[in-house]
Structures are given as structure tokens and as C-alpha cells.
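Visitor: Take any residue in the sequence shown, note its place counting from 1, add 8, and you have its number in this note's numbering.
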Amino acid sequence: MEGRNIPVAVAGAFRDAFAGEPSGVWSAPGRVNLIGEHTDYNRGLCLPVAIPHRTYVAARPRKDRRVRILSLQVPGERTISLDGLLSGNRGGWAAYAVGVLWALEQAGHRIGGVDLVVDGRVPLGSGLSSSAALECAVALAAVDLFRLDGFHGDEGRRALAGVCVRAENDVAGAPTGGMDQSASLLARRDTALLLDFDGDVAPRHVSFDLAAHGLSLLVMNTRAVHSLDDGQYGNRREECAAAVGELGLGSLRDVAPADLDLALRRLSSDLLRRRVRHVVTEVDRVTRTVAALVADDFAALSELFAHSHASMRDDFEISSAELDTAVETAISAGALAARMTGGGFGGSAIAIVPSSGVDDISSAVANAFSAKGFREPELFPVRADGPARRER
Ligand code: ADP
Ligand code: MG
9 MEGRNIPVAV AGAFRDAFAG EPSGVWSAPG RVNLIGEHTD YNRGLCLPVA IPHRTYVAAR
69 PRKDRRVRIL SLQVPGERTI SLDGLLSGNR GGWAAYAVGV LWALEQAGHR IGGVDLVVDG
129 RVPLGSGLSS SAALECAVAL AAVDLFRLDG FHGDEGRRAL AGVCVRAEND VAGAPTGGMD
189 QSASLLARRD TALLLDFDGD VAPRHVSFDL AAHGLSLLVM NTRAVHSLDD GQYGNRREEC
249 AAAVGELGLG SLRDVAPADL DLALRRLSSD LLRRRVRHVV TEVDRVTRTV AALVADDFAA
309 LSELFAHSHA SMRDDFEISS AELDTAVETA ISAGALAARM TGGGFGGSAI AIVPSSGVDD
369 ISSAVANAFS AKGFREPELF PVRADGPARR ER
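1) Would you mind sorting Ser356 into buried or exposed? The rule is 16 or more other CB atoms within 10 Å of its CB.
2) What did DSSP end up calling Phe306 once you bin it into helix, strand or coil?
3) When the Cα atoms are used, what is the spatial distance from Gly3 to Pro362?
4) Thinking Thr63 and Ala145 are a contact (beta carbons under 8 Å), I'd like their distance in whole angstroms, please.
5) Going by DSSP, name the residue or residues bridged to Ile77.
6) Do you know how far the Cα of Val151 is from the Cα of Cys54?
7) Does DSSP classify Ile358 as helix, strand or coil?
8) Quick check: does the Cβ of Thr63 come within less than 7 Å of any heavy atom belonging to ligand 2?
9) Please determine if the region 220–235 and the region 246–255 are in contact, where contact requires at least 3 C-beta pairs separated by less than 8 Å.
10) Assuming Ala392 and Arg197 form a contact by the criterion Cβ under 8 Å, report the distance between their Cβ atoms to the nearest whole angstrom.
11) Using a Cβ-Cβ cut-off of 6 Å (strictly less than) and excluding sequence neighbours within five positions of Arg118, which residues of its own chain qualify?
12) Roughly how many angstroms separate the alpha carbons of Ser371 and Gln81, rounded to a whole number?
13) Give every residue of the same chain whose Cβ lies closer than 8 Å to the Cβ of Met9, excluding the five residues on either side of it in the sequence, and list them in chain order.
14) Between the beta-carbon of Pro385 and the beta-carbon of Ala191, is there less than 8 Å?
15) Could you tell me the distance, in whole angstroms, from the CA atom of Leu309 to the CA atom of Ser31?
16) Where do the ends of the beta strand (DSSP E) carrying Trp34 lie?
17) From Ser35, Val335 and Pro69, pick the residue whose C-alpha is nearest to that of Phe26; which is it?
18) Are the Cβ atoms of Thr349 and Val373 separated by less than 8 Å?
19) With a threshold of 16 other CB atoms inside 10 Å of the CB of Leu203, please say whether the residue is buried or exposed.
20) Would you decide whether His46 is buried or exposed? Buried here means 16 or more other CB atoms lie within 10 Å of its CB.
21) At 3 residues or longer, and completely inside the region 346–396: list those beta strand (DSSP E) runs for me, N to C.
22) Less than 8 Å between C-beta atoms, sequence neighbours within five positions excluded: which residues of the same chain meet that for Pro395?
23) Does the region 313–329 come within contact of the region 282–297, defined as at least 3 CB pairs closer than 8 Å?
24) Which of the three DSSP states, helix, strand or coil, is assigned to Leu203?
25) Are Ala175 and Ala111 touching if we call contact CB-CB under 8 Å?
26) Below 8 Å between beta carbons: does that hold for Val403 and Val302?
27) Ligand 1 and Ala17: does any heavy atom of the ligand fall closer than 7 Å to the residue's C-beta?
28) On the DSSP letters alone, give me the boundaries of the beta strand (DSSP E) that Asn1 sits inside.
29) Is it right to say His221 is buried, meaning 16 or more other beta carbons lie within 10 angstroms of its own, or is it exposed?
30) Mind checking whether the beta-carbon of Gln81 lies closer than 7 Å to any heavy atom of ligand 1?
31) Taking 8 Å as the cut-off, decide whether the C-beta atoms of Gly121 and Arg155 are in contact.
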């Protein structure tokens with residue numbers, strides 16, 4: 009669990025690096041997605057929850073147009089001019105932060121330079137969305153420091169999520185959809201966030217209080233290499249776009265589950281058929297998962313997670329030996345439901361487990377990893393947390 013003293017420590021790191029006090033400290037959470045993978049950019053549904061792990065940003069405005077930025081997770085300080093930033097400029101990790109400032113200016117907001125110290129407590133590159141946590145913490149800091157209009161309340165935060173997506177797509181160069189940023193800015197404690205990317209639909213908050221049922225949400229970070237900008241994610245996105253083109257539709261959301269077989273017959277290759285089958289059935293599983301949660305039907309949830317994982321493994325081909333091992337071992341050791349989460353190609357899986365079984369199931373997964381010669385996984389239970397906020 010994240011401590012209350014982190015914002016104080018980040019302010020201290022700011023004083024050490026830049027002398028003087030930061031104007032404030034802001035934080036934004038990482039997330040796990042309960043179900044609905046690679047659906048956001050297909051105008052589909054997903055169901056993330058924010059996790060207690062957050063990225064913290066201490067910030068202070070400058071009089072010029074420069075951004076001085078330091079991450080406690082990466083050696084070296086960077087200074088970047090706001091005027092030198094271009095779309096498609098891959099500036100390494102700092103692009104995720106500075107890109108947000110660029111995207112705010114692109115959206116017509118007046119901002120200036122800023123000194124930033126970042127402390128990311130979301131494991132980096134683990135499928136838990138440290139990238140969006142960084143973007144959203146910087147975005148919230150900028151909104152407060154430069155008194156930007158239009159970003160308050162739920163509506164405003166949805167607009168801010170759009171700004172962060174633009175930063176990740178256009179400046180950091182990672183072609184992700186909008187799930188991560190929406191989760192980080194809109195999530196609520198003990199709820200899951202039902203996001204619908206088909207037009208301008210308001211998110212729905214679905215009660216997700218596992219503790220009330222004696223259950224816990226276990227995160228299983230495989231710590232196997234995962235990077236969303238290495239091309240695989242973009243490759244899946246292109247395959248979905250190719251299928252949309254062949255079908256002559258606006259998006260894969262236009263394929264109703266009942267019409268799936270018809271659509272599959274019209275596709276030119278088995279590969280595209282498998283990609284489409286994943287997306288269409290996965291969107292349907294999100295709807296069914298919400299119904300299962302509302303009904304406290306954990307048996308249904310178990311099946312939905314199992315089908316989702318198989319679909320990602322066999323049809324969308326984004327799982328890995330580590331993720332499959334985590335999921336299979338958790339289930340054999342007593343988890344009610346388990347699946348990989350996030351963009352895939354490494355990263356993390358989740359399991360819904362009896363709270364009394366967290367330790368035994370974690371040991372079983374760790375032992376299975378050790379037996380197979382995988383890196384030691386990082387295993388921790390999480391409670392659905394609230395959104396990005398000002399800390400001090
Ligand atoms: P994920 O979002 O699942 O953690 P990504 O590949 O999307 O994985 O994003 C990870 C990248 O985000 C890192 O490689 C780094 O460039 C950047 N990043 C995130 N948090 C930090 C941080 N605290 N300090 C520096 N860079 C960070
Ligand atoms: Mg990310």
C-alpha cells in the first residue's frame with residue numbers, strides 16, 4: 009500500500025534538485041483492466057480499476073518556456089524547450105510528460121515552462137500503465153499551475169484524458185487507445201469504470217467492492233519485458249484497421265456479436281478473422297462482466313475471464329509463457345478467476361482470489377515461475393482506488 013509520506017518525500021526531492029519549494033504535488037494512479045483488452049481503439053468497451061500505486065509529480069512554474077524535468081526512476085536531468093517540441097518527436101521517457109504540455113498548447117491553452125520532479129510508484133513497463141499515470145499527474149499539475157479552464161468535473165477530466173492520449177500518441181509515439189488515461193483521471197474507490205469508446209458516452213461506475221465478499225484482487229506482474237512502443241501494439245491496431253476496411257464498416261464495434269460469423273466469412277485471411285473474433289467477443293464479455301458483477305455472480309465472472317484469456321492467447325496472440333503460467337497457476341491454486349491484463353506481450357495478469365488465499369496463491373505462482381526459470385514475479389493485492397488528485 010502506498011504511504012501518505014510519499015508527497016512529502018517528492019517535495020523534498022524537488023528541493024534537493026531545484027532549490028526552493030514546489031508549488032504543489034499531484035498524483036495519478038496506475039490501473040488494471042478487469043476485462044476488455046485492445047477494445048478502446050476499436051470503439052469498444054473496457055472495465056479498468058485504478059490501483060493504489062501512483063505516480064507523483066512535484067511542480068513549480070517558470071518564467072521562461074523551458075521544462076526542467078527529473079525522474080527518481082531514471083538517472084539524469086533533462087531540459088526541454090516547449091517551442092522545440094514537435095509532433096512525432098520521440099524524446100525518450102520525458103516525452104510522456106512534456107508531451108502533455110505540448111498537447112495542452114495544441115488544444116489552445118496558454119501555459120509556460122515548469123520545473124518537475126517525478127516519482128513513479130507504478131512499476132514501469134509492467135502493463136499497469138505507468139505511462140498514463142505520468143501523463144495524468146503532469147496534466148493535473150498544469151491545470152492547477154496555469155489555471156486552465158475546462159478541465160474540472162467529470163466532463164473536464166474526460167477532456168483532459170483526451171489531451172493525455174494525444175501526448176502519448178503524437179509525442180511519445182505509442183499508439184495506445186484511451187483506456188489508461190480515462191482510468192487514471194476518472195476512477196473511483198471500490199468501483200470499476202465502464203468505458204464506452206463508441207462516441208461521447210459518459211463512463212459508468214460499477215460497484216467493485218471485493219472485500220465485502222471476502223475476496224481480493226491479486227496483481228501478478230510477470231516482470232517480463234513489455235513495451236508498447238516496440239511495434240507489436242501498433243501492429244495489432246493496424247490489423248484491426250485492415251479488417252474494418254475489408255468489412256466496409258466504421259469500426260469493429262459495428263459488428264454485433266450475433267453477426268460475427270457473417271463478418272468472419274467476409275474477411276480475407278484467417279489472421280484477420282482471429283483478430284476480429286477477439287475484439288467482438290471481448291466487447292461482449294465486458295457487458296456480461298458488468299452484469300455478473302452487479303449480480304455478484306462470481307461463477308460467471310470466472311468463465312468470462314477464462315474465455316477472455318484464451319481469446320488473447322489464441323486469437324489476438326498477445327499473451328506470453330509467463331502470463332499463461334501466472335493465470336493457470338493461480339486458478340489451480342484456488343483463484344476464482346484470472347486473466348492477463350493490459351496491452352500484452354509481457355506485463356501483468358490479475359486474479360480474483362479468496363482474501364484468505366492471497367499468500368498461498370502468491371507462493372504457488374512464485375514457485376511455478378521459479379520452476380520454469382522465469383524472473384521472480386511481483387505479486388500484490390490491490391483495492392480499487394480513486395483518481396488523480398492534488399496531494400499538497
Ligand atoms: P506501462 O504504461 O504499462 O508502464 P509503457 O511502455 O506504456 O508501460 O510506459 C512505460 C514508459 O513510461 C517507461 O519506459 C518510461 O518511458 C515512461 N515512464 C513511466 N513512468 C515513468 C517515471 N516515473 N519516470 C520516467 N519514465 C517513466
Ligand atoms: Mg502505458
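Ideal Cβ placement from N, Cα and C applies to all residues, glycine included.
Guide: Checking against the coordinates, here is how it stands:
1) Along the sequence shown, one-based indexing puts residue 356 at 348. Ser356 comes out buried.
2) Taking the sequence shown and counting its residues from 1, the one referred to as residue 306 is at position 298. Helix at Phe306.
3) Because residue 3 is not part of the residues shown, which for the chain are 9 to 400, the question remains open.
4) Here residue 63 refers to the residue found at position 55 of the sequence shown. Here residue 145 refers to the residue found at position 137 of the sequence shown. In this structure Thr63 is in contact with Ala145, their Cβ atoms being roughly 5 Å apart against a cut-off of 8 Å.
5) Position 69 of the sequence shown, counted from the first residue, corresponds to residue 77. Per DSSP, Arg86 and Leu124.
6) For the purposes of this step, residue 54 is taken as residue 46 along the sequence shown, with counting starting at 1. For the purposes of this step, residue 151 is taken as residue 143 along the sequence shown, with counting starting at 1. When the Cα atoms are used, Cys54 and Val151 turn out to be separated by approximately 27 Å.
7) As a position in the sequence shown, residue 358 is number 350, starting the count at 1. In the displayed model, Ile358 falls within a strand according to three-state DSSP.
8) The sequence position of residue 63 within the sequence shown is 55, counting from 1. A distance criterion of 7 Å places the beta-carbon of Thr63 beyond contact range of ligand 2, judged by its closest non-hydrogen atom.
9) The region 220–235 vs the region 246–255: no contact.
10) Counted from its first residue, the sequence shown places residue 392 at position 384. Counted from its first residue, the sequence shown places residue 197 at position 189. Right, the Cβ-Cβ distance comes to about 6 Å (below 8 Å), so this counts as a contact.
11) The residue you call residue 118 lines up with position 110 of the sequence shown. Result list for Arg118: empty, nothing under 6 Å.
12) Within the sequence shown, numbered from 1, the residue matching residue 371 stands at position 363. Within the sequence shown, numbered from 1, the residue matching residue 81 stands at position 73. Cα atoms of Ser371 and Gln81: separation of roughly 28 Å, rounded to the nearest angstrom.
13) Here residue 9 refers to the residue found at position 1 of the sequence shown. Confidence in Met9 is poor, its pLDDT being 43 and thus under 50, which makes the residue's placement unreliable; the coordinate value appears in the next sentence. So the qualifying residues of the chain are Pro60.
14) Residue numbering aside, residue 385 sits at position 377 when the sequence shown is read from its first letter. Residue numbering aside, residue 191 sits at position 183 when the sequence shown is read from its first letter. Taking 8 Å as the Cβ cut-off, Pro385 and Ala191 do not qualify as a contacting pair.
15) If you number the sequence shown from 1, residue 309 lands on position 301. If you number the sequence shown from 1, residue 31 lands on position 23. Distance from the CA atom of Leu309 to the CA atom of Ser31, rounded to whole angstroms, is 45 Å.
16) Position 26 of the sequence shown, counted from the first residue, corresponds to residue 34. Residues Gly32 to Asn41.
17) The residue you call residue 26 lines up with position 18 of the sequence shown. Answer by Cα proximity: Pro69.
18) Mapped onto the sequence shown, residue 349 falls at position 341. Mapped onto the sequence shown, residue 373 falls at position 365. No, the Cβ-Cβ distance between Thr349 and Val373 is not below 8 Å.
19) The count along the sequence shown starts at 1 and reaches residue 203 at position 195. Buried: at least 16 other Cβ atoms inside 10 Å.
20) Residue mapping note: residue 46 aligns to position 38 of the sequence shown, counting from 1. By the neighbour-count definition (other C-beta atoms within 10 Å, threshold 16), His46 is a buried residue.
21) For the region 346–396, whole beta strand (DSSP E) runs of length 3 or above, ordered along the chain, are 356–362 and 386–390.
22) If you number the sequence shown from 1, residue 395 lands on position 387. Ala36, Pro37, Ala58, Arg165, Ser192, Leu193, Leu194, Ala195 and Arg196, listed in sequence order.
23) The answer is yes - the region 282–297 touches the region 313–329, with three or more Cβ pairs under 8 Å.
24) Translated into the one-based positions of the sequence shown, residue 203 becomes position 195. Assigned with DSSP and collapsed to three states, Leu203 falls in strand.
25) Here residue 175 refers to the residue found at position 167 of the sequence shown. Here residue 111 refers to the residue found at position 103 of the sequence shown. Contact flag set, yes.
26) With the chain represented from 9 up to 400, any question about residue 403 goes unanswered, as that position is not in the structure.
27) Indexing the sequence shown from 1 puts residue 17 at position 9. False, no ligand heavy atom lies under 7 Å from that Cβ.
28) Outside the displayed span of the chain (9 to 400) sits residue 1, for which this structure offers no information.
29) Position 213 of the sequence shown, counted from the first residue, corresponds to residue 221. So His221 counts as exposed.
30) The residue you call residue 81 lines up with position 73 of the sequence shown. Here the distance from the Cβ of Gln81 to the nearest heavy atom of ligand 1 is below 7 Å.
31) Here residue 121 is taken as the residue at index 113 of the sequence shown, counted from 1. Here residue 155 is taken as the residue at index 147 of the sequence shown, counted from 1. Their beta carbons are not under 8 Å apart, which means Gly121 does not touch Arg155 by this criterion.
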